[in-house]
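*Asks:* Protein chains in written order, with the working numbering: chain W, 4 to 151; chain S, -10 to 496. Glycine included, each C-beta is placed from N, C-alpha and C at the ideal position. Could you have a look at this structure, given as structure tokens, before my questions?
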Amino acid sequence: MRSAPRGESVFGAALIGAGLFALYAGTGLPFGNLREPGAGFFPVVIAVALILFAAFALSSRTLEADKAQAEPGSVARVSILTAMIAAYAWLLPTVGFILCTIVLLVVLLRLGNVGWAPTIISATGGAAACYLLFTRLGMPLPSGLLGF
Amino acid sequence: MDILSSLALGFSVSLEPANLAYCFIGVLLGTLVGVLPGLGSAATIALLLPITYRIPPTSALIMLAGIWYGSMYGGSTTSILLRVPGESAAVMTCIEGFEMAKRGRAGAALGIAAFGSFIAGTLGLVGLIFLAPPLAEFALDFGPPEYFALTLTGLTLVSFLGGISWPKALAMAAFGLLLGTVGLDPVRSQARFTFGTLSLQGGIEMVPMVMGLFGLSQVFAMVERRLAIDEIAKTPTRLRELLPNRDEWRLSIGAILRGTLVGFLVGILPGAGATISSFVAYAVEKRRSPHPERFGKGAIEGVAAPESANNSATSSGFIPLLTLGLPANVVMALMLGAFMLHGITPGPMLLAQKPEMFWGLITSMFIGNLMLLVLNLPLIGLFVKVARMPTSYLIPVITLACIVGAYGVNNNPVDIFVMLGFGIFGYLADKFGYSLAPLVLAFVLGPLMETSLRQSLILSQGSFTIFVERPISAVLLALGIFVAIAPALRRVFGLRAIAWLAAKAKP
């Protein structure tokens, strides 16, 4: 048997974990009986199914090792993107849509090796255009520090 | 109501200027995303779901449907000219299409793909028109046991037909069902898995979830690996170059009709859908060809059949949703979501209660297919430019669309976190071979499945025999069991191998 890619196993294990958690939380709900199943009946049955299927999937891995192999630098890029979006959501109500969006776009465009001049132009232009478009469409976006 | 007056009603809705405009926007967007590798129709529909809050439901559905079948047209363009399938359903088109392009017949390949798509899409709609009303009438008699059997069998089919690994697919289905239980219990309204927070009482919001699963996850995938387009066939510039010659037509017409039939039948099956239908259609053509050695060297039937199949599969894929309320694939699950955002439950009652919506949607697809045929051929040059749009610009655009879309649902930044979480989950799931289709289908079907199960058990006073005593539910369950335990059957059709190929070749 070839060695399994680690990420695939971790993912399967995480699904089992989710099943165990749902089982634990679900047993706190009224199970009822077969004549009159309660709120906990379906979640508990499905949680057990999840644990079984995920365990079976874990034991019969199908991927070749090379597919799950990360490219150099990809973990860093994925992490930066994740952090950027989380920061965006965190700061949006106080800092406002336009400033948040400009910063996000600048970072993403620079990550894609776009030159500074087109980056600045696209980011400010894009943020302003989005703001105008969506507020016109009746979607309130927080203006934040810019105060308009 | 007979078919003609139904169609008249439908066209009176779909020919309204506003609906024509939404149809046009839908098919144009669909073609563009079909052209763009890495951004699929599911992602685009997910991105546009928030907008559909703000427009009338029929118009919204017309537009979303347009994106789906439009993407089938667009996917072939880049397959043929760049050997990059814009959509997974266009993978087979790459093989023969690019070979044809290298021999200087790119125009004919593009032409036959467009004509085949049009013929198949239209014939598929005719099938839909004749099949849907009787099926909806039949389904009116369904009670809780039938619905439970239907949802269970539907999820089983999706898990066994659509994925690479069925244990993984079933695990994802179970996880999707669990996600669907968050919120108030559908029978007793008791809070479940809400952890005392009010915002989870309404359940997990579908829009941020699907935007993360299908939109942001693609961004992560793009950030991880860069797509390189190296070889480009000569782009035909004049309309006349797009017309296949007599010999090519002679070879293709049978392939188009066979592809249409294959696509229609496969498209109805939950879990199979457009991609698999294109693989089956290609295999059928290769097997029945008197000169199979031509395949792989630019056989036009190898373009005509799969391109026809994926379009007729998009038409027939609407049948289970519109008549039974059962989405056959991810895109249909998103359509179901769009219906539900407007408080409408698709299913057997739709035809009776909202005929103008039902027929308006179906007739709009005739119009949309015609628009696509006219639109597609002259704009090929533009589409090639779009396809070569650098990911360094695509990534910020999609990311921002996901963020704004998720935020816009409730004007709540928490939804951005939800979107981000599902984005990471979707990216990892895809990477590790866990397919997202069973998860999303289970998520949307979960409440119906649970309610019908619990009602059935109350009806039968706790006896599971109710599911086998009623003939329809017994037949449905037998079908599910049959698909699950008959790997030999699956080997005959080669579906698993095909699905594996599909996943391998996914752009």
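Assign R459(S) to one of two classes, buried (16 or more other C-beta atoms within 10 Å of its C-beta) or exposed (fewer than that).
*Replies:* buried
*Asks:* By how many angstroms is the C-alpha of G(-1)(S) removed from the C-alpha of W348(S)?
*Replies:* 4 Å
*Asks:* Over what stretch of residues does the alpha helix (DSSP H) that includes E237(S) continue unbroken?
*Replies:* 235 to 257
*Asks:* In the segment 139 to 150 of chain W, which residues sit with their C-beta less than 9 Å from some C-beta in chain S, listed in chain order?
*Replies:* L140, G141, M142, P143, L144, P145
*Asks:* To the nearest angstrom, how far is the alpha carbon of Y382(S) from that of V375(S)?
*Replies:* Cα-Cα distance, rounded: 11 Å.
*Asks:* Can you find a CB in chain C that lies within less than 8 Å of the CB of A120(W)?
*Replies:* The chain labelled as chain C is not found among the protein chains of the depicted structure, namely W and S.
*Asks:* According to DSSP, is P134(S) part of a helix, a strand, or is it coil?
*Replies:* helix
*Asks:* Under a Cβ-count criterion, where at least 16 other Cβ atoms within 10 Å of its own Cβ denotes burial, should D236(S) be classed as buried or exposed?
*Replies:* exposed
*Asks:* I need the boundaries of the alpha helix (DSSP H) containing N399(S), first residue and last residue.
*Replies:* 380 to 399
*Asks:* Tell me the DSSP secondary structure of L4(S) in three-state form.
*Replies:* The answer is coil: DSSP assigns L4(S) none of H, G, I, E or B.
*Asks:* So, do the segment 197 to 205 of chain S and the segment 30 to 44 of chain S have three or more beta carbon pairs nearer to each other than 8 Å?
*Replies:* yes
*Asks:* Runs of 4 residues minimum, wholly inside the segment 191 to 217 of chain S: which ones carry the alpha helix (DSSP H) assignment?
*Replies:* 195 to 199, 206 to 213
*Asks:* Would S278(S) and C12(S) qualify as a contact pair, given that the criterion is a beta-carbon distance under 8 Å?
*Replies:* Cβ atoms of S278(S) and C12(S): not closer than 8 Å.
*Asks:* From the DSSP output, in three-state form, read off K275(S) for me.
*Replies:* helix
*Asks:* What does V81(W) reach in chain S if we use C-beta pairs closer than 9 Å?
*Replies:* F209, V212, E213, I413, Y416
*Asks:* List, in chain order, every chain W residue whose beta-carbon is nearer than 7 Å to that of I384(S).
*Replies:* L111, G115
*Asks:* Excluding the 5 residues flanking P133(S) on each side, which residues of the same chain have their C-beta closer than 7 Å to its C-beta?
*Replies:* S441, Q444, S445, L448
*Asks:* Would you please verify whether the beta carbon of F59(W) is less than 8 Å from any beta carbon of chain S?
*Replies:* Answer yes: the Cβ-Cβ gap between F59(W) and chain S drops below 8 Å somewhere.
*Asks:* Determine the burial state of A21(W): buried for a count of at least 16 other Cβ atoms within 10 Å of its Cβ, exposed for fewer.
*Replies:* buried
*Asks:* With a threshold of 8 Å between beta carbons, is A7(S) in contact with chain W?
*Replies:* With a threshold of 8 Å between beta carbons, A7(S) makes no contact with chain W.
*Asks:* By DSSP's criteria, P40(W) is part of a beta bridge. Which residues make up the other side?
*Replies:* G35(W)
*Asks:* Could you pull the DSSP bridge partners for R181(S) from this structure?
*Replies:* R181(S) has G172(S) as its beta-bridge partners, per DSSP.
*Asks:* Output the distance between the C-alpha atoms of A162(S) and A97(S), rounded to the nearest integer angstrom.
*Replies:* Spanning the alpha carbons of A162(S) and A97(S) requires a straight line of approximately 42 Å.
*Asks:* Does the Cβ of D174(S) have 16 or more other Cβ atoms within 10 Å, making it buried, or fewer, making it exposed?
*Replies:* buried
*Asks:* Give the straight-line distance between the Cα atoms of V429(S) and S62(W), rounded to the nearest whole angstrom.
*Replies:* 24 Å
*Asks:* Which residue wins for smallest C-alpha separation from R94(S), given the options L468(S), M329(S), L231(S)?
*Replies:* L231(S)
*Asks:* Would you check if the distance between the CB atom of L318(S) and the CB atom of G306(S) is smaller than 8 Å?
*Replies:* First, the amino acid is wrong: residue 318(S) is Asn here, not Leu. In contact: N318(S) and G306(S) (Cβ atoms closer than 8 Å).
*Asks:* Taking the CB atoms as reference points, tell me whether T47(S) and M346(S) lie closer together than 8 Å.
*Replies:* yes
*Asks:* Just mark W155(S) as buried or exposed, buried being the case when its beta carbon has 16 or more other beta carbons within 10 Å.
*Replies:* buried
*Asks:* Curious, which full-length alpha helix (DSSP H) runs of at least 4 residues does the segment 397 to 468 of chain S contain?
*Replies:* Counting only runs that start and end inside the segment 397 to 468 of chain S, the alpha helix (DSSP H) elements of at least 4 residues fall at 403 to 420, 425 to 448, 455 to 458.
*Asks:* Would you verify that the beta carbon of G128(W) is, or is not, closer than 8 Å to some beta carbon of chain S?
*Replies:* no
*Asks:* Under 8 Å, do V16(S) and G357(S) count as touching if we go by C-beta distance?
*Replies:* Going by C-beta atoms, V16(S) is nearer than 8 Å to G357(S).
*Asks:* Assuming R239(S) and A294(S) make a contact with CB atoms under 8 Å, what is their CB distance in whole Å?
*Replies:* Contact flag wrong, Cβ pair sits at about 14 Å.
*Asks:* Please determine, among L311(S), M329(S), N365(S), G143(S), the residue with the shortest C-alpha to C-alpha distance to A341(S).
*Replies:* L311(S)
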